[in-house]
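Structure record follows, encoded as structure tokens.
In our numbering, the protein residues as written are 700 to 845.
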């Protein structure tokens, strides 16, 4: 585990490593520690799913802050904190949360006014695709059109 982390940030096939380590009935403490680090790494990468769930629900500033802070705590001080997958996910989370906040502001301006502009989304495939990617807002959009 230590070698895989230091050489490639677990990019090598860890399935065989996990399988082999699971067969050891009385592992030394270092093996248990390294497996724990690897599990923490996988949990941190799991924030991609957490992000996608957040993006499909109603936006809240509190939720966005909580997601960012939870992810930060998941990798800060860890042996894998500088791994490219972690840093790439950090950038992705920051960017998608910023974009989501802007999307919601735009959505509320266009559709929650006294004269909703449904054509704003219907006439632009890119904007409609973005709307569909936020399922809460897409469902609301469909219900407002009725």
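Cβ atoms here follow ideal geometry from the backbone N, Cα and C, with glycine treated the same way.
Since the model is a prediction, treat every value here as computed from it, not as a measurement.
Residue j beta carbon less than 8 Å from that of residue i
i	j	result
residue 820	residue 840	yes
residue 796	residue 763	yes
residue 646	residue 734	The chain is shown from 700 up to 845; residue 646 falls before or after that span and cannot be answered.
residue 777	residue 739	yes
With 16 other Cβ atoms within 10 Å as the buried cut-off, status of residue i
i	result
residue 746	buried
residue 835	exposed
residue 896	The requested residue 896 does not occur in the structure, where the chain is confined to residues 700 to 845.
residue 799	buried
residue 833	buried
residue 714	exposed
residue 773	buried
Contacting residues, own chain, Cβ-Cβ under 7 Å from residue i (five flanking each side not counted)
i	result
residue 788	744, 746 and 747
residue 829	802
residue 831	837
residue 708	779, 782, 783 and 784
residue 794	none
Same chain, Cβ closer than 6 Å to residue i, five either side skipped, listed in chain order
i	result
residue 711	703
residue 771	none
residue 700	733 and 737
Residues of its chain near residue i, where Cβ-Cβ distance is below 8 Å and the 5 sequence neighbours each way are ignored
i	result
residue 766	746, 749, 750, 753, 792 and 796
residue 815	809 and 843
residue 742	773
C-beta neighbour in chain C for residue i, strict 8 Å
i	result
residue 781	Annotation note: the requested chain C is absent from the structure, which comprises a single protein chain.
Complete runs of the alpha helix (DSSP H) confined to the stretch 745-794 [at least 4 residues] = 746-754 and 760-774
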